[in-house]
Amino acid sequence: MMRKSPENFIEELYRRVKERQGEQSDKIFTSPRRGTDVFISYSRADSRVAEALYNQLTAKGISVWYDCMNLGQGVQFMNEIKEAISTTKLFVPILTHNIELQKNEAHPYRTEWHYATQVGQSMGRVFIHPLSEQGFNFYEASIPEYLRSHNATSYDDSLNFSAFVDNIMSTLNSL
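All letters in the sequence shown, in the order written, are residues 82 to 256 by my numbering.
Put into structure tokens, the structure is as follows:
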């Protein structure tokens, strides 16, 4: 490319960028979708964490089911959620101190956890990849044993998930 005129170089560069954007366009979406790479499960109190994770995963080209981007309006949301979980490759529950504070309240994420466990058992491979807030006592928290049996990756206040994202990419590449 360097032997071309500057105008040709710019045109070729522009064409390649547009082509790459087209490749990524199927990874980020704003409507219901099946067969994603990752499903994010979280408490609404942890929306900031979920959004940061979503942004970092999609920046790497990973397709992510994230309710703020993927639930259709006026739909039976739990049906859509179950469909998304049953067709995703990996399930990522975000576990924080907020989960512990909400232990006596009903929340959809608990239904997601239960359903993901059933899906994971039917797959015969690691399906659930918990992400845990630093300092959250994952093994003594008020979360179900079936979720505690999975090793969690912890994160800190910086919300830098690069190591976790790399691990997810590696896992996806091995499927």
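Ideal Cβ placement from N, Cα and C applies to all residues, glycine included.
Here the structure is a predicted model, which is why all the values come from computation and not from measurement.
Alpha-carbon to alpha-carbon, residue j and residue i
i      : j      : result
Phe265 : Thr139 : Here the chain covers residues 82 to 256 and nothing more, so residue 265 does not appear.
Glu92  : Asn136 : 29 angstroms
Pro211 : Asp238 : 17 angstroms
Lys141 : Thr169 : 17 angstroms
Ser86  : Arg97  : 16 angstroms
Phe66  : Asp247 : Outside the shown range of the chain, which is 82 to 256, sits residue 66, and nothing can be said about it.
Among the options, nearest to residue i - alpha-carbon criterion
i      : options                           : result
Val130 : Ile175, Lys141 and Thr117         : Ile175
Leu256 : Asp118, Gln215, Arg97 and Ser230  : Asp118
Gly116 : Leu171, Leu134 and Pro189         : Leu171
Ile180 : Asp237, Tyr227, Phe208 and Ser213 : Ser213
Leu253 : Val145, His178 and Arg191         : Val145
Val207 : Thr168, Phe158, Asn232 and Pro225 : Asn232
Cβ pair residue i, residue j closer than 8 angstroms
i      : j      : result
Phe242 : Ala133 : yes
Gln215 : Ser230 : no
Ile162 : Glu193 : yes
Val173 : Phe217 : no
Ile209 : Ile143 : no
Per DSSP, cross-strand counterpart(s) of residue i
i      : result
Tyr236 : Glu214
Ser122 : Pro174
Trp146 : Phe120
Arg209 : At residue 209 the sequence reads Ile, which differs from the Arg that was named. Paired residue(s): Phe172.
Cβ distance (whole Å) where residue i is taken to contact residue j below 8 angstroms
i      : j      : result
Tyr190 : Ser124 : 6 angstroms
Tyr220 : Thr198 : The Cβ separation is near 17 angstroms, so there is no contact.
Ser223 : Lys184 : 4 angstroms
Val200 : Ser251 : Contact doesn't hold; Cβ gap of about 21 angstroms is too wide.
Chain D within 8 angstroms of residue i, Cβ atoms only
i      : result
Ile166 : The chain labelled as chain D is not found in the depicted structure, where only one protein chain is given.
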